[in-house]
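A.B. asks: Read in order, the letters of the sequence shown correspond to residues -26 to -1, 1 to 311 in mature numbering (1 follows the signal peptide of the UniProt record, and there is no 0). Built from N, CA and C at the ideal position, the CB exists for glycine as well.
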Amino acid sequence: MDAVRSVQLVALAFVVQSTLWLLSSALPPLDDVDEDATSWFLGEWCDGASKDVGVAVLRGLVQASDLSMVSDQHSLLDRVAVECRPFCDQAWAMLSTVTSSPASSWLSLPRLPDALVTVVHTWVHTFETTYDTMADPQGVLAQWRLKQNCGPSWKSVLQQDLNAAHVPLSTLWYRQRTHFMRHLPTAFNALYLDLTKQVCPACRLFPARPAVCLICGGVLCAASSCKSISPMSVSGACTLHAHKCGRGVGMFLLVLEGKVLLVSGKLAAYYGPSLYVDAHGEGFGESHSTVTFRGRPLFLQSHTRDALLRLWATQGVPLAIVQAQNMATHVVPNSHY
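(1) V27 lies in the alpha helix (DSSP H); which residues open and close that run?
(2) Kindly indicate which residue of P271, V98 and V173 has the alpha-carbon position closest to the one of A164.
(3) Leaving aside the five residues before and after L69 along the sequence, list all residues of the same chain whose C-beta is less than 8 Å from its C-beta, in chain order.
(4) Since V54 and F15 are thought to touch, with beta carbons under 8 Å apart, how far apart are those beta carbons, to the nearest angstrom?
(5) For G17, report the span of its beta strand (DSSP E) as first-last.
(6) Rounded to whole angstroms, what is the Cα-Cα separation between A11 and V56?
(7) Assign G255 to one of two classes, buried (16 or more other C-beta atoms within 10 Å of its C-beta) or exposed (fewer than that).
(8) Looking at R183 and the ligand ATP, is the gap between the Cβ and the nearest heavy atom below 7 Å?
(9) So what does K201 bridge to, in DSSP terms?
(10) Report the rounded CA-to-CA distance for V36 versus L83, giving the unit in angstroms.
(11) Per DSSP, what kind of secondary structure is C187 in: helix, strand or coil?
(12) Which residue comes first and which comes last in the beta strand (DSSP E) that contains C58?
(13) Okay, do the stretch 239 to 248 and the stretch 164 to 183 touch, 3+ Cβ pairs below 8 Å being the bar?
(14) Any idea what DSSP makes of C177, helix, strand or coil?
(15) Would S209 and G232 qualify as a contact pair, given that the criterion is a beta-carbon distance under 8 Å?
(16) Assign K240 to one of three DSSP states: helix, strand, or coil.
(17) Answer with buried or exposed for H277, where buried requires no fewer than 16 other C-beta atoms within 10 angstroms of its C-beta.
(18) Straight-line CA distance for V306 to T(-8)?
(19) Under 8 Å Cβ to Cβ from I189, same chain only, skipping five residues before and after it: list those, please.
(20) With a 10 Å radius around its C-beta and 16 neighbouring C-beta atoms as the bar for buried, classify A253 as buried or exposed.
(21) If you follow the alpha helix (DSSP H) that F154 is in, where does it begin and where does it stop?
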């Protein structure tokens, strides 16, 4: 029973985080609505309710009173369903190999136990205050390591370290977060023009040293350049953003340095090849040529992008960081970015 409840709780966290991520990001185009996935989500998670009720349930779950930023609220429900169904199918398939559990039964969102409502509110608060606190990023993972007793029926589950259970269940999820990277502009000028329309989510200013999240496309201040970061902070904005956007793992394009930064937890390393190069195959930024005009215009290296996509989809970022640190002449300090 503990195994079943653990999977149910991890899947609930996936629903919550997917909803929060979709609400806080510019939604990429949905090529085709999967009505089967939506019907599955409404049946399995919302007691067979209508789409309108399903949207209301998601809104109440993440305490979002205002959905005005979502032009089509049914589209939000469709996207959550598309995100969650393969994850849940894989989770239950993994569970069936270790227990003779009955047919799939997910938690009913409209009828969540009070103990889990409390836990969900903790997750939402942690997600929303990530950029406000600028604290140790490991605190974000406290949602998987709750020590308080939130209810007798969930006691044995809530006291477990669910991080270990969550990571292998995220295999399919990693494949979903590649829309931005797969559609990077061919010309660097086009990418930079798009960046100038954004601001750092922490200081609400255009960064002095921009970093572009290659997963969601967000722009933030690299290293300690963010005006909202306290000198006493132990973590840079990229480290925090990786926990919020990529469940601890992230890829960033450092605009001034001209490098791709890989992040896993507190560890980070530069990725070798440049993502954008000039006609000579030379990269750009502070770490490359100092000749004023050489390196312009810059164009996307598709093979480098494809290598990054494979690294992300196969969950190879942590290993790539360790390998880079073993060979690099300059090691990126923990949580520096």
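C.D. replies: The short version:
(1) Start at 1 with the first residue of the sequence shown, and residue 27 comes out as number 53. Residues K25 to L35.
(2) Your numbering for residue 164 matches position 190 in the sequence shown. Nearest to A164 by C-alpha distance, out of P271, V98 and V173, is P271.
(3) Numbered from 1 along the sequence shown, position 95 holds the residue referred to as residue 69. A(-24), V(-23), V(-20) and S75.
(4) Residue mapping note: residue 54 aligns to position 80 of the sequence shown, counting from 1. Residue mapping note: residue 15 aligns to position 41 of the sequence shown, counting from 1. Confirmed, about 7 Å.
(5) Stepping through the sequence shown from its first residue, residue 17 is reached at position 43. Annotation for G17: no beta strand (DSSP E) segment contains it, though the alpha helix (DSSP H) segment containing it runs E9 to W19.
(6) Locating residue 11 in the sequence shown gives position 37, counting from the first residue. Locating residue 56 in the sequence shown gives position 82, counting from the first residue. About 6 Å.
(7) Numbered from 1 along the sequence shown, position 281 holds the residue referred to as residue 255. Classified as exposed, G255 has fewer than 16 neighbouring CB atoms from the shown chains inside 10 Å of its CB.
(8) Summarising the ligand content, the structure contains no ligands, and the ligand ATP is consequently not present.
(9) In the sequence shown, residue 201 corresponds to position 227, counting from 1. Bridge partners of K201: none, in fact.
(10) In the sequence shown, residue 36 corresponds to position 62, counting from 1. In the sequence shown, residue 83 corresponds to position 109, counting from 1. Here the alpha carbons of L83 and V36 stand approximately 11 Å from one another.
(11) In the sequence shown, counting from the first residue as 1, residue 187 sits at position 213. In this structure, C187 counts as strand in the three-state DSSP scheme.
(12) To locate residue 58, count along the sequence shown from 1; it is residue 84. Per DSSP, C58 belongs to no beta strand (DSSP E); it is in the alpha helix (DSSP H), Q47 to S70.
(13) No: fewer than three Cβ pairs fall under 8 Å.
(14) By one-based count along the sequence shown, residue 177 stands at place 203. In this structure, C177 counts as coil in the three-state DSSP scheme.
(15) Residue mapping note: residue 209 aligns to position 235 of the sequence shown, counting from 1. Residue mapping note: residue 232 aligns to position 258 of the sequence shown, counting from 1. In terms of Cβ geometry, S209 and G232 do not form a close pair [threshold 8 Å].
(16) Here residue 240 refers to the residue found at position 266 when the sequence shown is read from its first residue. Annotated three-state conformation of K240 is coil, per DSSP.
(17) Against the sequence shown, residue 277 aligns to sequence position 303. Under this definition H277 is an exposed residue.
(18) Position 332 of the sequence shown holds residue 306. Position 19 of the sequence shown holds residue -8. Looking at the two C-alpha atoms, the distance is approximately 33 Å.
(19) As a first step, residue 189 must be located in the sequence shown, where it is residue number 215. Closer than 8 Å at Cβ, skipping near neighbours: R151, T152, F154, M155, C219, G220, G224, M225 and W286.
(20) Translated into positions along the sequence shown, residue 253 becomes position 279. Under this definition A253 is an exposed residue.
(21) Within the sequence shown, residue 154 is the residue found at index 180, counting from 1. Start and end: H153 to R156.
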